[in-house]
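Below is one structure; the comments refer to it alone.
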Amino acid sequence: MHFTLDPADIAFREEVRDFFATGIPLEWRTRVRAGLRLNPEELVAYQKRLAAKGWGAPTWPAEYGGTGWSPIQQYIFWTEAAEADAPAQFHQGLELIGPIIFTYGSPEQKARYLPRIINADDWWCQGYSEPNAGSDLASLRTRAVRDGDHYVLNGQKAWTSYGHVASHCFVLARTSDEVKRQQGISLLLLDMNTPGITIRPVATMDEKHHTNEMFLDDVRVPVDALVGEEGRGWEYGKVLLDRERMVTASVAVFLIQTVKAIRDAATRRTIGGVPLIDKPGFRAKLAQYEIEVIALQTMVLRVMADASAGVDSGPLGSMIKLRWSQLSQAGTALWVGALGPEAAHFSPLDQGSSLPLDMPYAMQGALYARVTSIYGGSSEIQHNIIAQRALGLKG
Amino acid sequence: MRFSYSDEQAMLLESVDRFGAQHFPPAERHRLIQQGRPGEEAAWAAMADLGWLLLPISEDCGGLGGGIAELMALGEGFGRHLVPGPYVASCVLAPALLAHGGEAMHGLIGELGAGSAIAAAALLEPDGGYDLNYVATSAKGSGDSWTLTGAKCHVEDGGDADWFIVPARSSGLAASDRDGITLFLVAADTPGLTVERFRAIDGHRHARLTLDGAAAQRFGPVDLALPLIEAAVARATCAQLAEAVGSMEAVSDITLEYLRTREQFGRPIGSFQVLQHRMVDMRIACEEARAMLCHIAIASAQGEAAFQRAVSAAKVRIGECGIYVGQQAVQLHGGVGFSDELIVSHHLKRQMMLSNAHGSIDHHRMRFAV
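Chains A and B supply the protein sequences, listed in that same order. Counted the way the working numbering counts, the first sequence spans residues 113 to 507. Counted the way the working numbering counts, the second sequence spans residues 457 to 826.
Here it is as structure tokens:
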């Protein structure tokens, strides 16, 4: 077994550490540690800073403007970012549609969109789910009907996160009816300024506006908005499954931020003159949490090392998604618990009422964490995937 | 960075796997462990021939100088087949402690490596929990002449030991002072030493010692043995942690096969989603446990403190995962899982015992938290 970093990787780590030593505003910290996304303008500024350094797309191949880093370098990058309380990069352009465009897109699409994703000139949102197509996505009903050199889209999309700030949307729509439901679905790239698109905010339990419903009424998009071939959009999603481990792996690394948040909160708060962190009951809970985070991070490191060595990690990606969502829920709950009675002070009712430190973000993070086991393939779907694909258990 | 065994280590694991399958197929193992030590002796002799008893012993002491990864490969193979015997006590922990006694101990270490003697370390005392620094047993004497008085409530795998390594308090006021602990060697038949022996539920055999002025041979640094004990125990624990991982993966494989083949309600029980999801959770537990072995291996390059903290973290998570997997394996097998005949319940019993060996989950969680 060989478990030490190569000298080149150690030098790389120093370079990354230097980069993150500055430029991460303190006011980001609590939100980042709570697993909450920063405001769009903050994320854009962060992405532009990375892009200026040539690090805008850590997981992309160099030929498309990515860093071309090895998986171990990516792991180092995320670890250092997490240590510095930097945010995770916004993933919908970088990890969801970008890789599909550079794998299946036309030369024109690549030239037009990829640099603008890296430089955060465009903001992409995802138009996949529908009111009656959640975990069972293949039952989607939004239609794209060919009309001359345009497609005309009609339908309703659900959970269109950041649709209210996005400049573009990638949409799955049915272009024909086939016996097999996964066929006849096409992937289209939309400019959000196209007439006929209506975005309505959806209030969520964390009282933060991330997500929306999207109505498509006779939305006309030119045929060159089609990615790849008509009717094969479902297949293109598979490139995401292969890359999914990278996405979940990256966010899992950021759990060390939550550990720090819990420790800080429990150090600040005293009960009977004793800091909470020094009470054996709390210490044991925090130790347990930290140990489970270590297990997950080492699973991530294994995936990345396997990927570097060209070895298939099998179901580890799904396992990491599952465990990450559980631990983001457990960690934020522990954090809220550490705040004690003042965790009830979510929002000031008058000007003189000042919120306790960490609020409202700790609570908001704990609430937001509930959706992490639902989105991106719910925990139950992840169980099905592992059972069927990795263990060969049939329904 | 690589997360798999080297070719040589993989070959070692493969030969231990074959050895376990050959010497301890479930039915045969069942028969042999009921004989106690005599049932293990043929396998022990074969392991000596293969050089495995010498593998963990340092080259300075005439051994093969195996590292953490070799210990893990061996332990994993033992775990897959629940190979019984005092391997960790006599070939990993005892030689690591005796090595501090210099050349005077090379003879005994050689016997341990050849399989002609068995030694065990008596580390735990009544009222001391799992704390290695709790040593109330007193050592009186000087030079080469020492006697020990006190009690050691549990000696892991000490049931067949010819020799006991006994930490005793040579100075220091309180029983839990970190300084003032010295190592002694006591023969099992020494007058003044009473040895009570016990069989555990997993077939391992342990001991309890009462020392009443028992003559003992001092070795290693006077008063300063605790860090050496902690380091040796951490290293020995790695072999047991790997054993737990090997065992939980094996019983998880057995359970998966059972889900595929056992039919109820006219179809394989593995077609039921509730059982599929449970099986997935068992697999995730196995992956977490394996990740903790990797975590130890990474930490071992970062100094002794980082290494020991990683071992404590692994004791917590591997212990929890192992017991979970063992319990669910029994549950998913239904009634036959509860039977003594199937190997399944034996994996659970071994996991339960391993989780307490050299410190319980709770003990190590608090050790990690400090």
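For glycine and all other residues, C-beta sits at the position ideal for the given N, C-alpha and C.
is_contact[residue i, chain B] using C-beta, thresh 8 Å
i: residue 469 of chain A; result: no
i: residue 127 of chain A; result: no
i: residue 400 of chain A; result: yes
i: residue 106 of chain A; result: Nothing can be reported for residue 106 of chain A, as the shown portion of chain A is limited to 113 through 507.
i: residue 381 of chain A; result: no
i: residue 296 of chain A; result: no
i: residue 505 of chain A; result: yes
i: residue 417 of chain A; result: yes
i: residue 522 of chain A; result: What is shown of chain A runs 113 to 507, which leaves residue 522 of chain A out entirely.
i: residue 498 of chain A; result: yes
i: residue 395 of chain A; result: yes
i: residue 439 of chain A; result: no
i: residue 388 of chain A; result: no
i: residue 484 of chain A; result: no
i: residue 406 of chain A; result: yes
i: residue 428 of chain A; result: yes
Beta carbon proximity, residue i to chain A, threshold 8 Å
i: residue 459 of chain B; result: yes
i: residue 819 of chain B; result: no
i: residue 732 of chain B; result: yes
i: residue 772 of chain B; result: yes
i: residue 705 of chain B; result: no
i: residue 743 of chain B; result: yes
i: residue 824 of chain B; result: yes
i: residue 736 of chain B; result: yes
i: residue 414 of chain B; result: Nothing in the structure corresponds to residue 414 of chain B, since chain B is present only between 457 and 826.
Per-residue burial, residue i [other beta carbons within 10 Å of its own, 16 or more giving buried]
i: residue 499 of chain A; result: buried
i: residue 183 of chain A; result: buried
i: residue 794 of chain B; result: exposed
i: residue 131 of chain A; result: buried
i: residue 596 of chain B; result: exposed
i: residue 476 of chain A; result: buried
i: residue 582 of chain B; result: exposed
i: residue 659 of chain B; result: buried
i: residue 397 of chain A; result: buried
i: residue 522 of chain A; result: No statement about residue 522 of chain A is possible, as the shown extent of chain A runs from 113 to 507 and does not include it.
i: residue 133 of chain A; result: exposed
i: residue 138 of chain A; result: exposed
i: residue 569 of chain B; result: buried
i: residue 725 of chain B; result: buried
Residue i vs residue j beta-carbon contact at 8 Å
i: residue 365 of chain A; j: residue 190 of chain A; result: yes
i: residue 267 of chain A; j: residue 253 of chain A; result: yes
i: residue 436 of chain A; j: residue 370 of chain A; result: no
i: residue 778 of chain B; j: residue 586 of chain B; result: no
i: residue 578 of chain B; j: residue 619 of chain B; result: no
i: residue 440 of chain A; j: residue 367 of chain A; result: yes
i: residue 667 of chain B; j: residue 649 of chain B; result: yes
i: residue 806 of chain B; j: residue 703 of chain B; result: yes
i: residue 711 of chain B; j: residue 735 of chain B; result: yes
i: residue 646 of chain B; j: residue 670 of chain B; result: yes
i: residue 665 of chain B; j: residue 701 of chain B; result: no
i: residue 144 of chain A; j: residue 197 of chain A; result: yes
i: residue 520 of chain B; j: residue 507 of chain B; result: yes
i: residue 473 of chain A; j: residue 142 of chain A; result: yes
i: residue 692 of chain B; j: residue 549 of chain B; result: yes
Selected residue, minimal CA-CA separation from residue i, among the options
i: residue 400 of chain A; options: B/773, B/722, B/603 and B/553; result: B/773
i: residue 525 of chain B; options: B/798, B/498, B/694 and B/577; result: B/694
i: residue 531 of chain B; options: B/468, B/562 and B/571; result: B/468
i: residue 612 of chain B; options: B/714, B/656, B/630 and B/729; result: B/656
i: residue 584 of chain B; options: B/632, B/546 and B/528; result: B/632
i: residue 336 of chain A; options: A/443, A/221, A/474 and A/388; result: A/221
i: residue 554 of chain B; options: B/498, B/481 and B/688; result: B/688
i: residue 450 of chain A; options: A/464, A/313, A/243 and A/468; result: A/468
i: residue 557 of chain B; options: B/799, B/517, B/547 and B/548; result: B/517
i: residue 698 of chain B; options: B/573, B/535, B/639 and B/824; result: B/535
i: residue 767 of chain B; options: B/741, B/511, B/819 and B/720; result: B/819
Assumed close pair residue i, residue j - CB separation to whole angstroms, cut-off 8 Å
i: residue 274 of chain A; j: residue 237 of chain A; result: 5 Å
i: residue 304 of chain A; j: residue 269 of chain A; result: About 12 Å separates the two Cβ atoms, so there is no contact after all.
i: residue 280 of chain A; j: residue 299 of chain A; result: Not confirmed; about 13 Å, so no contact.
i: residue 432 of chain A; j: residue 415 of chain A; result: 7 Å
i: residue 785 of chain B; j: residue 707 of chain B; result: 5 Å
i: residue 679 of chain B; j: residue 626 of chain B; result: 6 Å
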